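Below: the structure, in structure tokens.
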Amino acid sequence: MPLALKPLISTLLLASVVGACATVQAEMQAMDDSELSEVTGQALINLDALTYGGYEYTRINFGGDAKILTNIDKLRIGQYARSGGGTVSNQPADVAIDNFALGRVDNANNANATIVPFEIRDPYLEFAFKNKGNGVREIAGVRIGFGQARGDLSGDILSLSGVMQGKIYGPASIAVDYCKSQPSCWDNVSLFDKIALGLAGDIPVYAGVELVEAGTGNTTKNGQPINRAEQIGIPAGNSLQTDETGLIAALLPSLSTASGCKAAGLPTCFSLLNYKSIFVGDPTKSLEAGGGAKGIYFSLQRETIPWQDLANGGFKNMQAGGTANFAAYKDAGGNTIYPFMVALYDALRGTPRVDTCVGGSGC
């Protein structure tokens with residue numbers, strides 16, 4: 018399994034060093050003992066070490082914030098021959114994204130072009146070691162992650178493995194209008210579902226979306242989490258939810274239970290290629306105000322490894338291969354926070370790519 022994280026690691030390290038050096042402008046002067054005794058602080062880089070489940074972990078923490086705009090032609094993690102188990106496509110890599118980018122450029126085609134960087138707080142690089150006996154340790158996995166992250170993530174997403182949890186929301190009528198615009202969709206909706214959907218009207222609905230198998234909406238296959246997924250959607254057995262009251266609102270979850278990538282005759286699974294850009298975190302809040310998504314990382318492991326969950330606490334298994342983790346988590350009040358949210362209109366139709374370099378949509 019080739020380690021395809023090098024471009025991302027190099028970019029992150031460079032951004033961290035540049036961010037640190039940009040603020041160092043003071044002349045160095047000697048300090049006496051009394052002055053030194055009053056100084057406290059933390060190094061830019063520090064190490065954490067822990068042991069869990071038979072693995073030893075070493076995490077290199079790059080303290081502080083980094084702001085980056087980066088473009089990578091091809092991001093591949095876990096590119097090797099794979100079949101069976103939870104594999105659901107013929108894609109050649111567990112994580113495969115072309116034209117991958119972090120950050121965006123507003124007014125990219127004129128003199129007022131402005132870089133809106135992808136913001137990172139407390140990035141880290143972590144290694145998992147397995148003791149083979151006789152004093153021999155081998156690297157069992159590696160991951161690169163962010164304490165918090167906020168900004169635009171773009172790319173042509175060919176396949177994803179791991180965890181990708183988001184929330185879609187909007188009026189029920191949006192889904193109906195979309196289906197009506199697709200003859201192959203509306204013609205196959207039963208009369209009962211058409212009546213139910215018509216009664217739902219503009220009731221605001223929402224649902225969690227995850228990586229799913231095309232055609233089934235399943236999140237597991239042969240008893241294992243799916244990998245190399247090409248679609249995202251409402252998992253089979255889940256349904257649309259609403260906070261509204263009334264008879265139709267009360268019946269909506271049971272009427273819209275997803276099965277076979279459909280709910281009430283409407284599609285519930287969509288190609289990842291439809292989403293050229295997504296905003297990670299909360300676009301209405303700054304990073305300082307809590308707008309960053311927590312617990313995001315990319316990893317590569319030789320076997321199933323329990324990585325520490327830095328957003329929720331505890332440890333969470335990641336299966337062998339390359340994975341991405343964009344998981345929901347709980348805030349201090351117990352509310353579920355999603356790393357990204359998409360309006361139902363955009364979820365159904367897809368999202369366009371934002372410009373990621375000066376002079377064009379991508380580099």
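Residue numbers for the sequence shown, in our numbering: 18 to 380.
Where is the CB? At the ideal position from N, CA and C, for every residue including glycine.
Since the structure is predicted, the reported quantities are computational estimates derived from the model, not experimental observations.
- Would you grab the beta carbon distance between Lys84 and Pro134 for me? Rounded to a whole angstrom, and I think it's under 8 Å. Here residue 84 refers to the residue found at position 67 when the sequence shown is read from its first residue. Here residue 134 refers to the residue found at position 117 when the sequence shown is read from its first residue. Indeed, because the Cβ distance is near 4 Å, the residues count as touching under 8 Å.
- Just mark Asn127 as buried or exposed, buried being the case when its beta carbon has 16 or more other beta carbons within 10 Å. The sequence position of residue 127 within the sequence shown is 110, counting from 1. The residue is exposed, with fewer than 16 neighbouring Cβ atoms inside 10 Å.
- Query: With 16 as the cutoff for other CB atoms within 10 Å, does Ser276 come out buried or exposed?
  - Reply: Your numbering for residue 276 matches position 259 in the sequence shown. In the assembly as shown, Ser276 is an exposed residue. Its beta-carbon has fewer than 16 other beta-carbons within 10 Å.
- Query: Who pairs with Ser256 in a beta bridge, going by DSSP?
  - Reply: Position 239 of the sequence shown, counted from the start, is the residue given in the question as residue 256. In DSSP, Ser256 forms no bridge with anything.
- Segment contact, 8 Å Cβ cut-off, at least three pairs: the segment 106–122 with the segment 353–360: Cβ pair count under 8 Å is below three, so no.
- In the structure shown, what three-state DSSP assignment does Tyr355 receive? Residue mapping note: residue 355 aligns to position 338 of the sequence shown, counting from 1. DSSP, read as helix, strand or coil, puts Tyr355 in coil.
- If you draw a straight line from the alpha carbon of Ser316 to that of Pro323, how long is it in whole angstroms? In the sequence shown, residue 316 corresponds to position 299, counting from 1. In the sequence shown, residue 323 corresponds to position 306, counting from 1. If you take the alpha carbons of Ser316 and Pro323, they lie about 11 Å apart.
- Is it a yes or a no for the segment 135–150 touching the segment 265–276, going by three-plus beta-carbon pairs under 8 Å? Judged by Cβ distances under 8 Å, the segment 135–150 makes no contact with the segment 265–276, as fewer than three pairs qualify.
- Below 8 Å between beta carbons: does that hold for Arg160 and Glu143? Here the question's residue 160 lines up with position 143 in the sequence shown. Here the question's residue 143 lines up with position 126 in the sequence shown. In this structure, Glu143 lies closer than 8 Å to Arg160 by Cβ.
- Let me know the beta strand (DSSP E) ranges lying completely inside the segment 139–180, each 3 residues or longer, listed in chain order. 153–176
- Message: Between which residues of its own chain and Phe146 is the CB-CB distance below 8 Å, once the five residues before and five after are set aside?
- Response: Here residue 146 refers to the residue found at position 129 of the sequence shown. Hits under 8 Å: Tyr72, Glu73, Tyr74, Thr75, Arg154, Glu155, Ile156 and Ala157.
- According to DSSP, which residues form a beta bridge with Phe315? Mapped onto the sequence shown, residue 315 falls at position 298. Looking at the DSSP assignment, Phe315 forms a beta bridge with Ile161 and Ala341.
- Message: Looking at the strands, I want to know which residues DSSP matches up with Val122.
- Response: Numbered from 1 along the sequence shown, position 105 holds the residue referred to as residue 122. Answer is Ile132, bridged to Val122.
- Item | Collapsed DSSP secondary structure at Tyr97 in the structure displayed | Taking the sequence shown and counting its residues from 1, the one referred to as residue 97 is at position 80. Coil, per DSSP.
- Query: Which residues does DSSP pair with Pro369 in a beta bridge?
  - Reply: As a first step, residue 369 is located in the sequence shown; it is residue number 352 there, counting from the start. Beta-bridge pairing links Pro369 to no other residue.
- Message: What does the alpha-carbon distance come out to for the pair Ala266 and Gln258?
- Response: Translated into the one-based positions of the sequence shown, residue 266 becomes position 249. Translated into the one-based positions of the sequence shown, residue 258 becomes position 241. Cα-Cα distance, rounded: 8 Å.
- Whose C-alpha, out of Ser207, Ile249 and Lys184, is nearest the C-alpha of Val193? Here residue 193 refers to the residue found at position 176 when the sequence shown is read from its first residue. Minimum Cα-Cα distance from Val193 among the listed residues Ser207, Ile249 and Lys184 corresponds to Ser207.
- Message: Is there a Cβ of chain B sitting closer than 8 Å to that of Gly312, yes or no?
- Response: As a matter of chain content, chain B is missing from the structure shown, which is built from one protein chain.
- With a threshold of 16 other CB atoms inside 10 Å of the CB of Ile212, please say whether the residue is buried or exposed. Residue mapping note: residue 212 aligns to position 195 of the sequence shown, counting from 1. Label assigned to Ile212: exposed.
- Query: Based on the DSSP secondary-structure assignment, which residues constitute the bridge partners of Cys286?
  - Reply: Residue 286 sits at position 269 when you count from the first residue of the sequence shown. BP columns for Cys286 point to Gly250.
- Please go through the same chain and pick out, in chain order, the residues whose beta-carbon is closer than 8 Å to the beta-carbon of Asp173, but skip the five residues on each side of it. As a working note, residue 173 is residue 156 in the sequence shown. Excluding positions up to five away in sequence, the list reads Ile114, Asp115, Asn116, Leu290 and Lys293.
- If you compare alpha carbons, which of Gln336, Ala310 and Ala364 is closest to Lys347? Translated into the one-based positions of the sequence shown, residue 347 becomes position 330. Lys347 has its Cα closest to that of Ala310, out of Gln336, Ala310 and Ala364.
- Message: Just to confirm my understanding: we take Thr368, look at its own chain, exclude 5 residues before and 5 after, and list those with CB closer than 8 Å. What are they?
- Response: The sequence position of residue 368 within the sequence shown is 351, counting from 1. Hits under 8 Å: Asn291, Tyr292, Lys293, Ser294, Ile295 and Val359.
- Query: What's the call for Val41, buried or exposed, on a 16-neighbour Cβ count within 10 Å?
  - Reply: Locating residue 41 in the sequence shown gives position 24, counting from the first residue. In this predicted model, Val41 has a pLDDT of only 37, less than 50, meaning its place in the structure is not dependable; the value taken from the coordinates is given anyway. Counting Cβ neighbours within 10 Å, Val41 comes out exposed, since fewer than 16 surround it.
- Task: Mind checking which residues open and close the beta strand (DSSP E) that includes Gly183?
- Result: Translated into positions along the sequence shown, residue 183 becomes position 166. Residues Gly183 to Pro188.
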